[in-house]
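Using the numbering used here, the first residue of the sequence shown is number 1, and each one after it goes up by one.
Each remark here refers to the structure printed beneath this line.
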Amino acid sequence: MAAPKKCVQCGKCLEVCPLFKATGREELTPRAKFFLESLCSGDGSAEGLTERDFKSLASICLSCGRCEKNCPQHMSGAALVADLRANSKGFTQSCWDLWLKNPGLLWPTAAAFSRFSPEFLPEPFGSARKRMQSLFAKSPEPWAKLKVQAKFEERRVMLFKGCVGRFARKEWSAKADRLLDGMGLIRAEGAPFSCCGSSYGSAGLPERQSASRAKNIKVWEDAGHPLLIVFCATCLKGLKEYSPADFAGDERLYDLWLNSLTPLSSLLLDAEVELSENAPEQIAYHRPCHAPENDTDRELVENIAGERLLPAQDDLCCGFGGIMQLGAPELSKKVGEHCLSHLTRGMKQGGQILSGCSACVIQLASLVKDEYFAAHWLDILK
1 MAAPKKCVQC
11 GKCLEVCPLF
21 KATGREELTP
31 RAKFFLESLC
41 SGDGSAEGLT
51 ERDFKSLASI
61 CLSCGRCEKN
71 CPQHMSGAAL
81 VADLRANSKG
91 FTQSCWDLWL
101 KNPGLLWPTA
111 AAFSRFSPEF
121 LPEPFGSARK
131 RMQSLFAKSP
141 EPWAKLKVQA
151 KFEERRVMLF
161 KGCVGRFARK
171 EWSAKADRLL
181 DGMGLIRAEG
191 APFSCCGSSY
201 GSAGLPERQS
211 ASRAKNIKVW
221 EDAGHPLLIV
231 FCATCLKGLK
241 EYSPADFAGD
251 ERLYDLWLNS
261 LTPLSSLLLD
271 AEVELSENAP
281 EQIAYHRPCH
291 APENDTDREL
301 VENIAGERLL
311 PAQDDLCCGF
321 GGIMQLGAPE
331 LSKKVGEHCL
341 SHLTRGMKQG
351 GQILSGCSAC
361 VIQLASLVKD
371 EYFAAHWLDI
381 LK
């Protein structure tokens, strides 16, 4: 059996950690977490951390995954923190679990209360208020029309709407449905999908993650294994992270699942583009941390925006961080502001920031200044 990997404290994770870039605080980095974890496990010379320190450590990670990609040993700070969270569950996780379990009731209720709350509130309530308003924010005026081509004459498809697309930004799902209908796709019928499970996993709620995966697989199997069309980068990542164990070890079914996952944007790259007079002069694309290497969302935005698109900024994290919205909202906000300061550098008033991740859109929309607009690329389509 191979020896377990051990952090060599090289510091490569510092080069890409959004928390370190935005704050300069090394104690927030994966290197510090791996060092402190070694003390807790008895590998170091110190006595270890208290339970309170341990829980504090577990709450501060954006789960962006950048450290794993940059680490010579491919060690994952996000995976470490997810394990720590799973072993130190507390009130924050209970709240996050409730928030994800009842989106149809809690999300609109919280958004309604936010509209009647005072405009200026102390943290973390001020950030929460803005985030609730952004969750159900009005979309910008559409300014692009796509003439889509026919696809997959024989293969059935289902739309994976995700939690935000199903319970908050329903217009995204409606537009995605119209695009699929415009391509003449045969729609498979089935029960609604659950959460992709990604947010449960990073929050240290593996039981909830397993339950979500099991439900989604059953819906997909009952529908006859259709193509799954996805318009959120984080949902796509979460669905790709299912393992053969989730399919009872059936490798054939697992491979069929992976091959069925299809970004909506990948079906639109050959569409003809027509812009309206209200198209903004400048567009910035925010690449999500969880975007696939072949980012067809960006390719689509490039096709639509053309020369209006500002130079790429691929090394930025929006700072959403899932459960960190409850555990450390001030750090989430700081990373988001750092991201926006780069995305809007040189941008004229009226510019728009587009992304293909539901969480990124909500986070950026809650922080962006009034002279700009943050939206999903579906928002700009007629």
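Just so you know, even glycine gets a beta-carbon here, dropped at the ideal spot from N, CA and C.
Nothing here was measured: the structure is a model prediction, and the numbers come from that model.
Beta-bridge partners of K12 (DSSP): none assigned.
A distance below 8 Å between beta-carbons, with the five flanking residues on each side excluded, links E171 to the following residues of its chain, in chain order: S139, L378, D379. Taking a C-beta distance under 8 Å as the contact criterion, G197 and A223 do not qualify as a contact pair. Sorting M132, N87, P329, I283 by C-alpha distance to the C-alpha of S366 places M132 at the top. DSSP lists I353 as the bridge partner or partners of A374. Restricting attention to T262, L256, K240, H342, the CA atom closest to the CA of I229 is found in T262. As for any alpha helix (DSSP H) of minimum length 4 sitting wholly inside the stretch 127–187, the runs are 162–167, 170–182, ordered along the chain. Measuring C-alpha to C-alpha distances from M158 to each of E221, S332, R169, P311 identifies E221 as the nearest.
In the three-state DSSP reduction, Q282 falls in the coil class, being neither helix nor strand. The Cβ-Cβ distance between G65 and C289 falls below 8 Å. F113 counts as exposed, since fewer than 16 other beta carbons sit within 10 angstroms of its beta carbon. Judged by their CB atoms, D97 and L205 are nearer to each other than the 8 Å cut-off.
Contact annotation: the stretch 323–337 does not touch the stretch 297–310, with fewer than three C-beta pairs closer than 8 Å.
Distances from the alpha-carbon of M347 to those of D270, Y372, N87 put Y372 closest. Across the structure, K215 and R208 are spaced so that their CA atoms are roughly 11 Å apart.
When the beta-carbon positions are compared, L269 and E299 come within less than 8 Å of each other. In this model, V219 and F193 are separated by some 7 Å (Cα to Cα).
Of the candidates A284, Q325, G319, G319 places its Cα closest to the Cα of H338.
A contact is defined here as three or more CB-CB pairs under 8 Å, and the stretch 173–188 meets this definition with respect to the stretch 138–154. Only residues of its own chain outside the window of five on either side were considered, and among them W143, A144, R308 have a CB closer than 8 Å to the CB of A279, listed in chain order.
In the displayed model, E293 falls within coil according to three-state DSSP, outside both helix and strand. DSSP, read as helix, strand or coil, puts L300 in helix.
Note on geometry: alpha-carbon atoms of C10 and V361 lie some 34 Å from one another. By a beta-carbon distance limit of 8 Å, F231 contacts G356. Their separation comes to about 7 Å.
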